[in-house]
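Chains as they are written, first to last, in the working numbering: chain A, 1 to 484; chain B, 1001 to 1585.
Have a look at the structure below, then the notes.
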Amino acid sequence: MKFEVNYSTIESVAGPLVVVGKVGTASYNEIVRIRLPSGESRLGQVLETTSRHAVVQVFGPTDGINIDKTSVSFLGETFRVGVSEDMLGRIFDGQGRPRDIKSEVSFKEKRDINGEPINPAARAMPNDFIETGISTIDGLNTLVRGQKLPLFSASGLSHNELTAQITRQAKVKKSNEGFAVVFAGIGITYDDAEYFINEFRKTGALSRTAAFINLADDPSIERILTPRIALTTAEYLAYDRGMHVLVILNDMTNYAEALRELSSAREEVPGRRGYPGYMYTDLASIYERAGIIKGRKGSITQLNVVTMPGDDVTHPIPDLTGYITEGQIFMARDLHNKGIYPEVNPLGSLSRLMSNGIGDGKTRADHSNVKDQLFGAYARAQDAKSLSSIVGAEALSDTDKLYLKFGDEFENRFIKQGFYEDRTIEDTLSIGWEILSILPQSELTRIKPAYIEEYYGAKGKDARARGDGKETGKEHKNHPKPSK
Amino acid sequence: MGAIDKVSGPLVVASDMLGSNMYDVVKVGKDKLIGEIIQLKGPNAVIQVYEDTTGLRPGEPVITTAKPLSVDLGPGLLTSIYDGIQRPLEVLQKKSGSFIARGIEATALDTKKKWKFTSEKGIRKGSRVKSGEIIGHVQETDVIKHYIMVPLGVDGTIESIRDGSYTIDEPVAKIKSGKSSVSITMKQVRPVRKPAPVKTKIRSSVPLITGQRVIDTLFPVAKGGTAAIPGPFGSGKTVTQQQLAKWSDADIVVYVGCGERGNEMTEVLTEFPELKDPKSGKPLMQRTLLIANTSNMPVAAREASIYTGITIAEYFRDMGYDVAIMADSTSRWAEAMREISARLEELPGEEGYPAYLPKRLAEYYERSGSVEALSGKKGSITIIGAVSPPGGDISEPVSQGTLRVVKTFWALDASLASARHFPSINWLTSYSLYSGALEEWYRKNVGEGFVNARKEAMQLLQREAELKDIVQLVGEDALPDQEKIVLDVGRMIRESYLRQIAFDEVDTYTSLSKQSLMLDAILCFRKKADEAVKAGIQSDKIVSMKVKTDIARLKGVKEADVESAVKKVREDMDREFSALSKDAE
Chain A
1 MKFEVNYSTI
11 ESVAGPLVVV
21 GKVGTASYNE
31 IVRIRLPSGE
41 SRLGQVLETT
51 SRHAVVQVFG
61 PTDGINIDKT
71 SVSFLGETFR
81 VGVSEDMLGR
91 IFDGQGRPRD
101 IKSEVSFKEK
111 RDINGEPINP
121 AARAMPNDFI
131 ETGISTIDGL
141 NTLVRGQKLP
151 LFSASGLSHN
161 ELTAQITRQA
171 KVKKSNEGFA
181 VVFAGIGITY
191 DDAEYFINEF
201 RKTGALSRTA
211 AFINLADDPS
221 IERILTPRIA
231 LTTAEYLAYD
241 RGMHVLVILN
251 DMTNYAEALR
261 ELSSAREEVP
271 GRRGYPGYMY
281 TDLASIYERA
291 GIIKGRKGSI
301 TQLNVVTMPG
311 DDVTHPIPDL
321 TGYITEGQIF
331 MARDLHNKGI
341 YPEVNPLGSL
351 SRLMSNGIGD
361 GKTRADHSNV
371 KDQLFGAYAR
381 AQDAKSLSSI
391 VGAEALSDTD
401 KLYLKFGDEF
411 ENRFIKQGFY
421 EDRTIEDTLS
431 IGWEILSILP
441 QSELTRIKPA
451 YIEEYYGAKG
461 KDARARGDGK
471 ETGKEHKNHP
481 KPSK
Chain B
1001 MGAIDKVSGP
1011 LVVASDMLGS
1021 NMYDVVKVGK
1031 DKLIGEIIQL
1041 KGPNAVIQVY
1051 EDTTGLRPGE
1061 PVITTAKPLS
1071 VDLGPGLLTS
1081 IYDGIQRPLE
1091 VLQKKSGSFI
1101 ARGIEATALD
1111 TKKKWKFTSE
1121 KGIRKGSRVK
1131 SGEIIGHVQE
1141 TDVIKHYIMV
1151 PLGVDGTIES
1161 IRDGSYTIDE
1171 PVAKIKSGKS
1181 SVSITMKQVR
1191 PVRKPAPVKT
1201 KIRSSVPLIT
1211 GQRVIDTLFP
1221 VAKGGTAAIP
1231 GPFGSGKTVT
1241 QQQLAKWSDA
1251 DIVVYVGCGE
1261 RGNEMTEVLT
1271 EFPELKDPKS
1281 GKPLMQRTLL
1291 IANTSNMPVA
1301 AREASIYTGI
1311 TIAEYFRDMG
1321 YDVAIMADST
1331 SRWAEAMREI
1341 SARLEELPGE
1351 EGYPAYLPKR
1361 LAEYYERSGS
1371 VEALSGKKGS
1381 ITIIGAVSPP
1391 GGDISEPVSQ
1401 GTLRVVKTFW
1411 ALDASLASAR
1421 HFPSINWLTS
1431 YSLYSGALEE
1441 WYRKNVGEGF
1451 VNARKEAMQL
1461 LQREAELKDI
1471 VQLVGEDALP
1481 DQEKIVLDVG
1491 RMIRESYLRQ
1501 IAFDEVDTYT
1511 SLSKQSLMLD
1521 AILCFRKKAD
1531 EAVKAGIQSD
1541 KIVSMKVKTD
1551 IARLKGVKEA
1561 DVESAVKKVR
1571 EDMDREFSAL
1581 SKDAE
């Protein structure tokens, strides 16, 4: 439709929804402009269309809208935003309008923010290791280019710091291809938004970052748009401009809550905890926009923050997210309370694409074995710990005592690291071996003998010497058997 | 021809649709989006649309095809990747690029490719043939002979039949059926929502061998059986499903990615062509067919994808093949039903799912089975369905509806997964109702010993779990030596036997004979340890024996070298134990 027709036939307004009567030919998902008596105009989108009326969702508050003096025009197109490389270095609001005081952005073209699903047959397999410099991620839950990996966090934990650190340190080895960050703040506080922008500015990352900020007090319905606009920009940068884009959506919990608000306004049958039954599909339409496409240079990697309400991983938001994303980085309050940063609990974390990104030629041949052993040993250490809290450390078997020690060292040396500490994968693996060497060789059943030969104890002698004076390595060939 | 009256998400209401039938396929709007009638109200029809409905507006035309949702069946199916309504994704990619555009039509099978048709012995002019009977074949891939069958519902006398190379649309035979003469091509069309007829169903007594130790040894599934894998995210549903798709000894594998991740389908697509079937040595892709309706693709097509998959599976079963169909995940399918049901404003059942959910689940799983097909051949469909219960809690409707109909239950356990014990199938809560029926087969084909070893291993694991509870209260030291051994052997079974690494070249597949040898080695250790303890040797000496490490490493030993490796382990075991008893003296 080239011309706009104005309708002054609003029938009802409730929550963010406006029903416009006598329309007849509004198309599904079409964008509308609502002109208020005050002269202000707001955008909305058609959620349902019939031959009699159209139900419109307003992106923004509905105050000031009235029945008789407000007009609605149907624009004949879906929600589209301008995209361009000039968006890097700029800050926008949640609807994609410049928020900083700089000049207007000149856009190359406009794109539908909903995108289109990538044909599964056109996807290329993600397998480039991204080094984040964080041991718990690189060593145990490796991030791969084209992956979607959320941070499952909770209020009061250091997800913002960790996200900032990853953004600062993330790199692909032996690669100098274009790299960009698209940051979407969804319902975050002014403080948090400032924190990120300052971090980006301090480290010089801002010049390659496009930030979209929907603040906590901005209209919640706008949160439906913000991640989609960010991803549309990212897709342009990745697939048209050949850049490797890291997208950070922070925080998806606020997005899901906006979705619930909208659903309840539409009087839909609620699913679990009031979230709509289609939330899985809706979240997937965002997360699945990560990936790599055959024959195109760029990639989109998503690192999203999901704060778990009440630290509950079975809450619908983290739960459905976990079913869509390729793993999760799980942040734990007990580690945080011990003063450990980053408080990533490896046992709850997972990277599904890890096996594609590690091994000989990518990280190191022993990486997979070391990872398995560290996981197994840390899980056993947890068992030993809970046992010792019941029966006392003295009653533990000798092996369990070693595991106890392993657990402590693992938390304090492997998990814990500084905010500015950027560890290479080699650093991470050697710390891993040092700690593993606390255990006797016979316990390392998940590691191939050749690797044990090469790495066991090489740097770990000090660690063992610091042991509690008892014979710790009775299976170790260099140690004589204890005589009784 | 009708017209759109209302659009709401994937649901369209069309007016002036009198004369169309329930479940007819319709073309909606100017873009001719594909949809299916799911409700009729007077002259109005409610249609679920299999493509994104953005841009549709009231007044646009709706045309019925007067046919139910169907799939095309014929040579060229294998190695393909389809979306939920059998559109070939590789062809779509050529037509519309890397993203899926709307309203594109593409035939499911290549209509240009010529296939070499050979008629069956004894089928010639004048032969009486019946519906479903085999009249010829095409060598579709190196491993699969694609049989051409008389289409369902056609009975009669062959008027003509010709060998040679034809496309799937060219007639290869003519059958006189009643008064009319029917042209037979290599392609046939079957509706997806109706199970194909069979002569009889047979009770199956042959296991589907998967090469996965915990499954084959403890919780086997029969060929023609059903299995469910419920588990929270990250517990390894997809990896387990993919392992089964790779290594199970089915002739044909149909893998349905229903509302799951795009990258997972890519993984299958890139990995399978490179993997070799342990039996035939040919690429696994040659027996595989993929249906991918990822989570961001239209929700109604996700609902259809399960039916598309099972209908194709039935077609191959009718040729006499053992087919395995993996659906990952049936929960997404159920959610698609729920979404459509909510938009229809049906009264919701439990957790918002439609009241007919259990019926649909049962109908689906009932399409499995070992059968004598109309062709007289014996074939089977094994259905393996992943379930993704919210929060990992299987008291929810999809898990419960599934458990009522399936006979094998592989319970995935989050705590095992977080300790990276994969496959994270919990040995205490899982079950297989086929164990009894399959015992005879195991006895004959693996050996009497294996059946007993399996029982002993299960008892040990049970006992270990009980002892662990006690240890939690009193500490391990308080246990008698005999029971410390049980704990130790239980741990060996878990770590050195049940735990299996999918990404390890050797460990990814274990033949039954290797499984038997490995388990025997562990149980032999147990026997000797028991004897040693009885002879007064301290349990901690046994627990720290070197040979245990060698037993643990057996899983990494190549199939060809297993026998000698086990022999060596046994010798070492004897030597170490006799050294122990000498020390004690």
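Yeah, the Cβ is synthetic: ideal placement off N, Cα and C, and Gly gets one too.
- In the three-state reduction of the DSSP assignment, N1021 of chain B falls in the coil class.
- Cβ proximity to chain A below 8 Å picks out nothing from the segment 1144-1155 of chain B.
- DSSP lists A:L43 and A:S73 as the bridge partner or partners of R33 of chain A.
- As DSSP reads the structure, F1117 of chain B sits in a beta bridge with B:G1164.
- For D1072 of chain B, the enclosing beta strand (DSSP E) starts and ends at S1070 to L1073.
- Residues of chain B with a Cβ closer than 7 Å to the Cβ of R123 of chain A are, in chain order, G1262, N1263 and T1266.
- A:H367 is the residue among A:F74, A:V46, A:E85 and A:H367 whose C-alpha sits nearest the C-alpha of D427 of chain A.
- Residue environment for F196 of chain A: buried (at least 16 other C-beta atoms within 10 angstroms of its C-beta).
- Interface flag for H315 of chain A against chain B is set, since a Cβ pair is found closer than 9 Å.
- Counted as a single uninterrupted DSSP element, the alpha helix (DSSP H) harbouring E1264 of chain B occupies residues G1262 to E1271.
- Identification of chain B residues near L88 of chain A by a Cβ-Cβ cut-off of 7 Å yields none; the smallest Cβ-Cβ distance measures about 23 Å.
- Between the segment 1302-1319 of chain B and the segment 1265-1282 of chain B, the count of Cβ pairs shorter than 8 Å is below three; the stretches do not touch.
- Look at the segment 383-404 of chain A: the residues with a C-beta under 7 Å from a C-beta of chain B are L387, I390, V391, A395 and S397.
- Secondary structure of D1507 of chain B (DSSP, three-state): coil.
- Proximity of G1059 of chain B to chain A, defined by a Cβ-Cβ separation below 9 Å, is satisfied.
- By the C-beta density criterion, N119 of chain A is buried, having at least 16 other C-beta atoms within 10 angstroms.
- Interface annotation for the segment 1086-1109 of chain B against chain A: L1089, E1090, L1092, Q1093, S1098, F1099, I1100 and A1101, criterion Cβ-Cβ distance under 7 Å.
- Looking from the CA of G1236 of chain B, the closest CA among B:G1164, B:F1099, B:A1417 and B:K1377 belongs to B:A1417.
- Taking C-beta atoms as the reference points, G24 of chain A and I10 of chain A fail to come closer than 9 Å.
- Between the alpha carbons of V1486 of chain B and S1204 of chain B lies a gap of roughly 36 Å.
- Listed along chain A, the residues sitting closer than 7 Å to N1296 of chain B by beta-carbon distance are P117, A284, S285 and E288.
- Under the Cβ distance rule, V1474 of chain B counts among the residues neighbouring chain A, one pair being separated by less than 9 Å.
- Secondary structure at P1088 of chain B: strand, using DSSP grouped into helix, strand and coil.
- Contacts between V269 of chain A and chain B, judged by CB atoms closer than 7 Å, involve A1342, P1348 and G1352 in chain order.
- With at least 16 other beta carbons inside 10 angstroms of its own, F1422 of chain B counts as buried.
- Identification of chain A residues near R1338 of chain B by a Cβ-Cβ cut-off of 7 Å yields G277, ordered along the chain.
- The segment 304-318 of chain A and the segment 247-261 of chain A touch, with three or more beta-carbon pairs separated by less than 8 Å.
- CA-CA distance, S103 of chain A to I186 of chain A, rounds to 24 Å.
- Between the segment 265-281 of chain A and the segment 100-116 of chain A, the count of C-beta pairs closer than 8 Å stays below three; the two stretches do not touch.
- As a beta-bridge residue in DSSP terms, Y1147 of chain B pairs with B:H1137.
- Nearest C-alpha to D1072 of chain B among B:Y1082, B:E1483 and B:K1548: B:Y1082.
- Note that the C-beta distance between L283 of chain A and I324 of chain A is below 9 Å.
- Under the 8 Å Cβ criterion, the segment 1106-1118 of chain B counts as touching the segment 1074-1088 of chain B, having at least three qualifying pairs.
- A1336 of chain B places its beta carbon less than 9 Å from that of E1303 of chain B.
- Judged by pairs of C-beta atoms under 8 Å, the segment 331-343 of chain A touches the segment 149-157 of chain A, as three or more such pairs exist.
- In the structure shown, Y1353 of chain B falls within a coil segment according to DSSP collapsed to helix, strand and coil.
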